[in-house]
Structures are given as C-alpha cells and as structure tokens.
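Step one of this worksheet: look at the structure below.
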Amino acid sequence: MSTMSSGLRPCRFKAGMAVPASPGIAAAHVCNSYMGTAPGFWPCCAQRCPQTLRVQSPRVSLRQQRMTSQQPMKGSQMSIADHVGLLLGLVAGRVLPRTRRRPELRERPEDFRCDLRTTGLGLVSVPSRAVAAMRAFAEEMYSSRSGRSSLVRAGGLNGAFPETMAWHWATNENGMEPFQPAAEAIRSQLDQDFQLVAASLVIADGDCPVGASRMHLDFGPPSIPKYVAATALLPVYPQVFPQLEGGLEYLPWDGEGEVVVQRYREGEAVVFDGKLAHRTQPFTKEAFMAAAEKHSSGMGERLAGLRVLASLSFVSLPPRAFWRRAVRQVLEGYGAPVMPHLRDDVGHDVKDLSS
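FYI, the numbering for the sequence shown is 4 to 358, going by this note's numbering.
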C-alpha cells in the first residue's frame, strides 16, 4: 500500500522500516515526517524496539480520510477491510494510551541514540576508574587551594537552580583531564561530530527544597537546533545516591506532559538533549550525609554531606555549524570558560550560516 492510501505524509527524511500501521493495513513506511506526532522518533526505533509502536497509528482528520479514499488509486482499489482497518486505527490512536519509551543502558550506540532522539534522554555506562578519577579530583579541589587552580567557580546562575549549588568549571587542559575518560565513553555513543566543550563539578552544600529548582533547557536559544547539544551528568559523591531524593526530573518528549524521575546510579551517565526540559529533584543534606555514611568505602570522606555531580557539555561541531556562537553565549552565561572548539582557526566566532 502506498503512503498516500494510508494517510501518511511524504517522507522528508530517510524512511524507516515497513511496519504495521493499524489493523487491516498490511504495512506503511514510517518516517521522521510522519512520526512528528511522537517528537524525536528515529527510524531505527522501528527496527530495534517494536514495543514503541504499540499505538502509533496515523493521526489524520476524517476530512483528510474522505479526500484520500475518494482519490483514484493507480493500483488495486482499497477493500472494505482496508477502510475498516484504517478507521479502527484512527480510533485506537485517539483512545488508547501511547507507550512511552523507557531509557536504559544499551549495548549498541544506535539504540542509545534512539532513546536520546525519542524521549530526549539516554544512559551510558562509564568505567569505574573514570568515576574514581573525578571523585579524587573533587576531593582535592574541595580540600586544597592547589586543587582549585584549574577550576573557576560559578554560583547563583539564575532562578532555575537552588542557591546551595555551585559549578566549578575546568579552565585548562589540566582541569579537563580528569573528565576525559568519562567523556570518551559518552562520545563513543554519540554521533562522531560531538565534542566536549565544557566540564564542571556541580557541588551542592545544603538542601534543595521543593520549588528551589525549576524546569529549564540547558541550550534553549532557538538558533541551537535539537540533536546538536547534550549534557551528561554523572554521580560522583556519594557512591550511592538516596533512592528518593536528588535525582533528575524531566519531561520526556514522547510523554503526555508527566514529570519522570531518573535516578543517578554509580557508573551511569545520564545524557540528555539540550532541548529537554529538566530540573533537580528536591533533596536534603541529611539524606546525602546518611547515604555517605551507609556506603562509605574510605573514598571521598572529605566530601561528606555534599552532593557532587560531574557535568559534561557536548556539542556537534561539523565544519558549517552555525550554532557555535549561540553555544558560546550559553556557556558564558553559565560562567564556563570557552574552549577552542567553539572558535575558528583564527580565534573568531564562526559566521552564522543559517541565513
């Protein structure tokens, strides 16, 4: 059956697999254009994750269906079963709940990218030695002046963050070095054009009460498109975070407006798109103090009572990336030093090529 007879729009991008669209219809080509009803749907999801297609019938108006059914077909005419199946698919698409994709650790990079493009968030496994290196770096930074020489502190950025939270940004190669092993693990899952453009230790010393953290986008300017910027957050200390506090709350792209909580787990990086709305889950200092005491292994004891995350910012930077300037302005607003990746060969901003 053609995409026209099934009510689908012509594909503007790369078509995905042929998959059942509704009862009574043999198959339909699912593409990025059609799946616009499920933001960020990627063709490989049809291949890798059939459960996400439980209710993905085309949502078109009855007027469009009448117009479509009245148009002459070049091949055989639609049967009564086809008409009935199409109507049942429309009803199912409006009545039945849509299955939301649940991010998890994936073995294949393309499956991780499906999570990232479908729901806005994905998980990446990070070697324990990489986490240990950042934990040691955090302890050195917090307990000695020499440890702070390669970092710059930024706090009180805006109302989206609690006042108890501060960012300690790497300013040079020495400061970036402890983050590199984790960054390489994450980059191996992202597209090849992504580069690490900023890294910091996010340290909270105190509570984050309800309402202290607000939904926000890390790379919000319209000149920065979807899928070109990402943030990765890794738990550094304590080794095990409280089960019901201090996680990441976000609004999945394939959801119905509900807030979902993603827990931080040791050895897992939570990677999300720069256009994903998110905030810090409320927490208390006492909860993190108790977690540190319960799971103490002799490492990072000087950090007791603190909540420490590593934050890594990645940006896709192909030669004609017109969003470089906007990304630079965002990072400057966060108080982060601008790395050479965001400048051209002579040290000036790359000209905006979008116009």
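Idealized CB from N, CA, C, for every residue including glycine. A quick note: this is a predicted structure, and the numbers were derived from the prediction, not measured.
Using the rule of at least 16 other Cβ atoms within 10 Å of the residue's Cβ for burial, across every protein chain shown, is residue i buried or exposed?
{"i": "residue 86", "result": "exposed"}
{"i": "residue 178", "result": "buried"}
{"i": "residue 247", "result": "exposed"}
{"i": "residue 195", "result": "exposed"}
{"i": "residue 238", "result": "buried"}
{"i": "residue 111", "result": "exposed"}
{"i": "residue 281", "result": "buried"}
{"i": "residue 225", "result": "exposed"}
{"i": "residue 134", "result": "buried"}
{"i": "residue 120", "result": "buried"}
{"i": "residue 166", "result": "exposed"}
{"i": "residue 152", "result": "exposed"}
{"i": "residue 59", "result": "In this predicted model, residue 59 has a pLDDT of only 37, less than 50, meaning its place in the structure is not dependable; the value taken from the coordinates is given anyway. Buried, by the Cβ-count rule."}
{"i": "residue 227", "result": "buried"}
{"i": "residue 83", "result": "exposed"}
{"i": "residue 342", "result": "buried"}
{"i": "residue 241", "result": "buried"}
What did DSSP end up calling residue i once you bin it into helix, strand or coil?
{"i": "residue 45", "result": "Interpretation of residue 45 is limited by its pLDDT of 38, a score under 50 that renders its predicted location unreliable; no figure is taken from the coordinates."}
{"i": "residue 140", "result": "helix"}
{"i": "residue 252", "result": "strand"}
{"i": "residue 231", "result": "coil"}
{"i": "residue 271", "result": "strand"}
{"i": "residue 345", "result": "helix"}
{"i": "residue 104", "result": "coil"}
{"i": "residue 283", "result": "strand"}
{"i": "residue 89", "result": "helix"}
{"i": "residue 152", "result": "coil"}
{"i": "residue 183", "result": "helix"}
{"i": "residue 213", "result": "coil"}
{"i": "residue 192", "result": "coil"}
{"i": "residue 319", "result": "strand"}
{"i": "residue 324", "result": "coil"}
{"i": "residue 135", "result": "helix"}
What are the start and end residues of the beta strand (DSSP E) that includes residue i?
{"i": "residue 206", "result": "197–207"}
{"i": "residue 169", "result": "168–173"}
{"i": "residue 264", "result": "263–265"}
For residue i, write down the residues that DSSP places opposite it in a beta bridge.
{"i": "residue 237", "result": "313"}
{"i": "residue 124", "result": "275"}
{"i": "residue 157", "result": "170"}
What span of residues does the alpha helix (DSSP H) with residue i cover, start to end?
{"i": "residue 291", "result": "288–297"}
{"i": "residue 179", "result": "176–179"}
{"i": "residue 333", "result": "327–336"}
Taking the alpha carbon of residue i as the reference point, which residue from the options has its own alpha carbon closest?
{"i": "residue 284", "options": "168, 135, 81, 315", "result": "168"}
{"i": "residue 171", "options": "127, 294, 145, 305", "result": "145"}
{"i": "residue 202", "options": "189, 210, 208", "result": "189"}
{"i": "residue 222", "options": "81, 341, 337", "result": "337"}
{"i": "residue 245", "options": "200, 253, 183, 269", "result": "269"}
{"i": "residue 260", "options": "107, 342, 108, 122", "result": "122"}
{"i": "residue 212", "options": "105, 286, 298", "result": "286"}
{"i": "residue 125", "options": "176, 236, 90", "result": "236"}
{"i": "residue 335", "options": "310, 324, 214, 155", "result": "155"}
{"i": "residue 115", "options": "208, 258, 332, 276", "result": "276"}
{"i": "residue 208", "options": "314, 249, 81", "result": "249"}
{"i": "residue 316", "options": "292, 265, 204, 218", "result": "204"}
{"i": "residue 138", "options": "310, 279, 198", "result": "310"}
{"i": "residue 183", "options": "255, 339, 136, 161", "result": "136"}
{"i": "residue 157", "options": "344, 339, 345", "result": "339"}
{"i": "residue 265", "options": "163, 291, 251", "result": "251"}
Is the shortest distance between the beta-carbon of residue i and the beta-carbons of chain B less than 8 Å?
{"i": "residue 318", "result": "Going by chain labels, chain B is absent from the structure shown, which holds only one protein chain."}
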